[in-house]
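Numbering of the sequence shown is given in UniProt numbering, commencing with residue 1 and proceeding in unit increments.
Built from N, CA and C at the ideal position, the CB exists for glycine as well.
Inspection log for the structure reproduced underneath, given as structure tokens.
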Amino acid sequence: MAKPKQQTTQEPPIDLPVGFNAWLLDCSPAPNCGVCQANWKQLTAAKNMGDITQAARHATEIRDHSSGVHS
């Protein structure tokens, strides 16, 4: 039985609706919190490199941390 042919080309990137990244990355680090500030720096670096997936992970960390620890 023949193996299925492996795809060797990468799919083109998907264009998300305008404003979706802003919504996805919307978060506010708690002032004077080292964890929030570290995640904010990493979010900014990932965003500047175009790695929205990694930036979104840091945004989630900030939202989870600031709402859980600082509430």
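If we count the other Cβ atoms within 10 Å of its Cβ and call it buried at 16 or more, is residue i buried or exposed?
| i | result |
| --- | --- |
| H70 | exposed |
From what residue to what residue does the alpha helix (DSSP H) around residue i run?
| i | result |
| --- | --- |
| G34 | G34 to N48 |
| A22 | F20 to L24 |
Only counting the same chain, and skipping five residues up and downstream in sequence, which positions put a Cβ closer than 7 Å to that of residue i?
| i | result |
| --- | --- |
| V35 | H65 |
| W40 | P29 and I62 |
| M49 | none |
Grab me the residues of residue i's own chain with a C-beta within less than 8 Å of its C-beta, minus the 5 sequence neighbours each way, in chain order.
| i | result |
| --- | --- |
| H58 | N39, W40, Q42, L43 and A46 |
For residue i, decide whether its Cβ has a neighbour in chain B, counting only Cβ atoms nearer than 8 Å.
| i | result |
| --- | --- |
| P31 | Looking at the structure shown, chain B is missing, and only one protein chain is on hand. |
Below 8 Å on the Cβ atoms is my contact criterion, and I expect residue i with residue j to pass it. Report the Cβ-Cβ distance as a whole number of Å.
| i | j | result |
| --- | --- | --- |
| I52 | N32 | Their Cβ separation, rounded to whole angstroms, is 28 Å, which puts I52 and N32 out of contact at 8 Å. |
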